[in-house]
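Participant: Here the sequence shown is numbered in the working numbering, starting from 912 and rising by one per residue. Here a beta-carbon is modelled for each residue, glycine too, at the ideal position from N, C-alpha and C.
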Amino acid sequence: MIHSTANVSTEAKIGAGTSVWNEAQIRERAVVGRDCVIGKGVYLDQDVVVGDRCKIQNRASLFRGLTVEDGVYIGPHVSFTNDLYPRAVDVDGSLKTDDDWEAIPTLVREGASIGTGAIILPGLTIGRWAMVAAGAVVTRDVPDQALMIGIPARLAGYACKCGRTLERDGDAYRCPACDATFQFESARASAP
């Protein structure tokens, strides 16, 4: 289903069962997998790749260089940046063009969740099943299942695949909701 007010390039590929809601824009060569929800006013830049069963909420901005794996949640107003040295003009004052910069790749791994209004700087990897809190500014790679909060985002714990915060249980972490247990290599170095 593609809403009549959505602007989807004829060069974009949209998977079966995906819904694209009003005022969304999906640019040239963007690829969106199967059974996704692309919310109102979402912007998918050229060459962005989104996996299957992803939910991208209203007004999120996904700029070129971004790859999103399967099952990722991206909250409203999330912004993925792609330029380490942003300028509108060159040193001679002329307006920069697409040829004047290179998009820095960013990867969001399977099952990760990015909270409302988070900002993800370019060139990073968000780990599998990680949870980035609302309003966080991510400035470095995020380990698998990490719970990242703050500005700049810091490791505050770990998240279960079900989404709940894990509790420390000796050398492991346990989910109080589903009773799953996990061990993390990154937790050995610095436990929250």
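Take the Cβ of Asn993 as the centre, count every other Cβ of all protein chains shown within 10 Å, and call the residue buried at 16 or more, exposed below.
Facilitator: Buried, since its Cβ has 16 or more Cβ neighbours within 10 Å.
Participant: Excluding five sequence neighbours on each side, which residues of the same chain lie with their C-beta closer than 6 Å to the C-beta of Ala935?
Facilitator: Result list for Ala935: Ala917, Ile949, Val953, in chain order.
Participant: Thinking C-alpha only, which one of Asp1082, Thr1050, Val931 is nearest Leu1035?
Facilitator: When only C-alpha atoms are compared, the closest one is Thr1050.
Participant: Which of the three DSSP states, helix, strand or coil, is assigned to Glu1078?
Facilitator: Note: Glu1078 maps to strand in three-state DSSP.
Participant: Are the beta-carbon atoms belonging to Val942 and Val960 less than 7 Å from one another?
Facilitator: Contact: yes.
Participant: Within its chain, find whatever has a CB closer than 7 Å to the CB of Gly928; leave out the 5 residues flanking it on each side and keep chain order.
Facilitator: Excluding positions up to five away in sequence, the list reads Arg945, Asp946.
Participant: Could you tell me how far apart the beta carbons of Ala1041 and Ala1057 are, in whole angstroms, since I believe they sit closer than 8 Å?
Facilitator: Indeed, because the Cβ distance is near 5 Å, the residues count as touching under 8 Å.
Participant: How should Gly1004 be labelled, buried or exposed, when 16 other C-beta atoms within 10 angstroms of its C-beta is the threshold for buried?
Facilitator: Burial call: exposed.
Participant: Give the C-beta separation of Glu1021 and Gly982 to the nearest angstrom, bearing in mind that I take them to be a contact with Cβ-Cβ under 8 Å.
Facilitator: Confirmed, Cβ separation roughly 6 Å.
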